[in-house]
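Here the sequence shown stands for residues 1 to 242, numbered as in my numbering.
Structure first, commentary second.
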Amino acid sequence: MSKFDSIRPYYDSEVNEALKSLLNHPMMKAMMDFTFPEMEDEEWKSQLSRTHSIRDFQVNFVYQSIQRVLERSSEGLTTSGFEKLEPNTSYLFISNHRDIILDTSLLNVSLIDHGLVMTASAIGDNLVQKDFLLKLSKLNRNFLVQRGLSPRELLQSSKLMSEYMYHLLSKENRSVWIAQREGRTKDGNDATHQGVLKMVGMANDEEKGMDFFKKLKIVPVSISYEYDPTDALKMPQLIALS
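This is the structure we're talking about:
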């Protein structure tokens, strides 16, 4: 038992059982049919049944899915700055936020392509209420941000998440992705909320604040899309506010 069990992704020892439980789910079939349109069901089911780690699942399946998305819906992905990062080194990526799936997936595709450490990524538990989505998120190394809490519970949850992020960065050499604010930016004003930085700093019990933040190796991330992936959802809300 770990104090992080309520929010952590799967351990590698749990991956195979979780994958086998999803083999016959229609959403898994839809994902695999999209990613490997020429592959028979039994073939991808067999490959998933032999998968025993998050990295193998991400590299052999999720990476391929995102490449397929890029092929079908974009003219390509361009990046800069990754060449300045060190291999085998964990970083805290603090990013602007447009789409919870694509933002983190495109970052991790780029990290794989550059031979860098992939991230554990924060996701609101309100987005993974269904069993399939929760399992898939944990297979993709997401950890949960607990929503809808009382002020007292929020304080406890924020400290737990801060400690978990620091544990990942310092003990497991695992990079971490978090959004610079709660929820997607609707007006393009990409400013990091002070509350996010305060949450990150809650794991610091000893050092001066700046010394602690330097240890985290924070990397600011800016991601942009020609067309906002969730513009159809945002427009009614923006119109209502105008």
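The C-beta atom is built at its ideal place from N, Cα and C for all residues, glycine as well.
Computed from a prediction, not measured in an experiment: that's the story for all the values here.
In this model, residue 76 and residue 205 are separated by some 44 Å (Cα to Cα). Between the C-alpha atoms of residue 42 and residue 48 there is a straight-line separation of about 10 Å.
For secondary structure counted as the alpha helix (DSSP H) over 4 or more consecutive residues, the stretch 118 to 204 holds these complete runs in sequence order: 131 to 139, 151 to 171, 194 to 201. In this structure, the beta-carbon distance from residue 72 to residue 225 does not fall below 8 Å. Annotation: the continuous alpha helix (DSSP H) that includes residue 213 extends over 209 to 215.
Residue environment: residue 27 is assigned as exposed (fewer than 16 neighbouring CB atoms within 10 Å of its CB, all protein chains considered).
With a threshold of 16 other beta carbon atoms within 10 Å, residue 170 falls short and is exposed. Residue 116 holds the alpha-carbon nearest to the alpha-carbon of residue 83 among 172, 95, 54, 116. Look at residue 95 here: in three-state DSSP terms it is strand. Per the DSSP secondary-structure output, residue 220 pairs in a beta bridge with 94.
If you draw a straight line from the Cα of residue 60 to the Cα of residue 147, it is about 32 Å long.
Here residue 87 is exposed, its C-beta having fewer than 16 other C-beta atoms within 10 Å. In the three-state DSSP reduction, residue 2 falls in the coil class, being neither helix nor strand.
Residue state for residue 63 is assigned as helix, using DSSP reduced to three classes. Take residue 65, set aside five residues on each side of it, and the residues of its chain with a beta-carbon closer than 6 Å to its own are 35, in chain order.
Under a 10 Å Cβ-count criterion, residue 37 is classified as exposed, with fewer than 16 other Cβ atoms of the shown protein chains found around its own Cβ. Using a Cβ distance threshold of 8 Å, residue 94 and residue 194 do not count as a contacting pair. Around the CB of residue 173, fewer than 16 other CB atoms lie within 10 Å, so the residue is classed as exposed.
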